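Colleague:
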Amino acid sequence: MGKMAAAVGSVATLAAEPGEDAFRKLFRFYRQSRPGSADLGAVIDFSAAHTARGTGPDARKVIRSQLSVSSVSDHDAHRAGLQPVSKWQAYGLQGYPGYQWHWVKQCLKLYSQKPNVCNLDKHMTKEETQDLWEQSKEFLRLKEVNKRRPRSLLEKLRWVTLGYHYNWDSKKYSADHYTPFPSDLAFLSEQVAAACGFQGFRAEAGILNYYRLDSTLGIHVDRSELDHSKPLLSFSFGQSAIFLLGGLKRDEAPTAMFMHSGDIMVMSGFSRLLNHAVPRVLPSSQGEGLPCCLETPLPAVLPRDSVVEPCSEEDWQICTSYLKAARVNMTVRQVLAIDQDFPSEPTEEKKRDITTEGFCHLDDENSQVKRAKLNPDS
Ligand code: OGA
Ligand code: MN
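Going by my numbering, the first residue of the sequence shown is number -4, and it counts up by one from there.
1. Go to Asp179, then tell me how far its alpha helix (DSSP H) extends in each direction, as first and last residue.
2. Reducing DSSP to helix, strand and coil, say where Asn324 ends up.
3. Would you tell me roughly how many angstroms separate the C-alpha atoms of Ser63 and Glu133, rounded to the nearest one?
4. Under 7 Å: does the beta carbon of His223 sit that close to some heavy atom of ligand 2?
5. Trp154 bridges to which residues according to DSSP?
6. Quick one: is Pro286 buried, meaning 16 or more other Cβ sit within 10 Å of its Cβ, or exposed?
7. Using a strict less-than 6 Å threshold between each residue's beta carbon and the heavy atoms of ligand 2, what residues do you get?
8. Counting C-beta neighbours from all protein chains within 10 Å, is the total for Glu12 16 or more, i.e. buried, or is it exposed?
9. Exposed or buried, Ala200, counting other C-beta atoms within 10 Å across all chains shown (16 or more means buried)?
10. Does DSSP classify Gly31 as helix, strand or coil?
11. Short of 6 Å in beta carbon distance, which residues of its chain neighbour Leu148, apart from the five on each side in sequence? Order them along the chain.
12. For Thr326, verify whether its CB is less than 7 Å away from any heavy atom of ligand 1.
13. In whole angstroms, what separates the C-alpha of Leu35 from that of Ser42?
14. Tell me which residues share the same chain as Ser235 and place their Cβ nearer than 6 Å to its Cβ, disregarding the 5 neighbours each side in the sequence.
15. I think Gln84 touches Phe196, with their Cβ atoms under 8 Å apart; what is that distance to the nearest whole Å?
16. State the Cα-Cα distance for the pair Met390 and Ile313, rounded to the nearest angstrom.
17. Taking the alpha carbon of Gly14 as the point to measure from, which residue in Arg245, Val38, Leu183 and Leu331 has its own alpha carbon closest?
18. Take Cys113 and list the residues in its own chain whose beta-carbon comes closer than 7 Å to its own, dropping the five residues that flank it on each side.
19. Nearest by alpha-carbon distance to Ser224: which of Lys109, Lys100 and Gly192 is it?
20. Excluding sequence positions up to five away, which residues of its chain have a Cβ less than 6 Å from the Cβ of Tyr94?
21. Checking the sheet assignment: what are the DSSP bridge partners for Phe232?
22. What residue from Ser307, Leu289 and Asp310 has the CA that sits closest to Arg322's CA?
23. Quick test of your reading: Val67 and Ala190, contact by CB under 8 Å. State the CB separation rounded to the nearest angstrom.
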């Protein structure tokens, strides 16, 4: 891959480690990348793909694909806070800017609440994690004046699981660990899946990732869902990230692309089981700023049966303060095929065989735990 080699050549610190695979090498390269520098020259920018700015060598990989325009009515799209499907750009589907605040607020204020499961549960009581939003509000307001204040609980939140709760140890979903999946997010997901040709998609499990600027998401494949013929949807908000999409094996060098606020990634078909990772969340180029699509005023008119709802000025201020140094990513999965059940529990023998390879989760720069052994609750 010529262009990757060129990019790599510009950084002295990137000596290949012996036996290091191509994916890991680029993961390290982008983890250390300098925003605004030539380091990022090879990262595909979907937001620039339809303009003259999409000139990087990998921009040639960007193709326009067809959407199923007739599968989602303009009204249902509007109800989900989306533009009519005819206006979407299929290499990187752009959410309707004015509505992004709804999903950010849900991730911070509502989805982080019980009965959903989060990384803080392991070390804290139910009472302590009861309302992260309420407990963090004042901290986040203070942040504007005092940068050295202690971290709020919301800033310690790393992941939340929805629906069939992903078990990070067994790497499995199970019938007996389920709570209702949020209906607004299910509706949004069904519209997006249908527009991509997946009618009848069911949002059964969600993993929400909360990134700080020093967070990374290790190289992994999402294979725990039992029906891989269904797509995996991923929605990004807040600060931009570099997303690496590799091959079926790690020795294939990945393609780097930006994930900006409002981008939706659909991994389906062949790409459903590809290696991927997030080596870098980028600080906004305007210093303490927010992506401009998040600065749009809230839409005045919503359909009567809208699933997105108005957000108060006060709530939006908290979201804004949080997002200045954060990225929120929602992934939505269908776990079971229609009429499929979870298989009966494996025997103790089998359990010991479960490999350690697979999903590894959000890691912070200052975490002492090595990625390979990372317990996702850290
Ligand atoms: C995941 C995932 C990617 C992202 O949660 O499985 O790959 O962009 N997230 O955060
Ligand atoms: Mn993933």
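Heads up, the beta-carbon is just placed ideally off N, CA and C, and yes, glycines get one too. The structure presented is a predicted model; accordingly, all values stated were derived computationally and were not measured.
Modeller: In short:
1. Ser178 to Ala190
2. strand
3. 45 Å
4. no
5. Asn204
6. buried
7. His215, Asp217 and His271
8. exposed
9. buried
10. coil
11. Leu127, Gln130 and Ser131
12. yes
13. 15 Å
14. Phe253, His255 and Leu277
15. Not a contact, Cβ separation roughly 21 Å.
16. Residue 390 cannot be examined here, being either before or after the span of the chain that is shown, -4 to 373.
17. Arg245
18. Ser107, Thr124, Leu152, Trp154 and Val155
19. Gly192
20. Gly76 and Val303
21. Val323
22. Leu289
23. 5 Å
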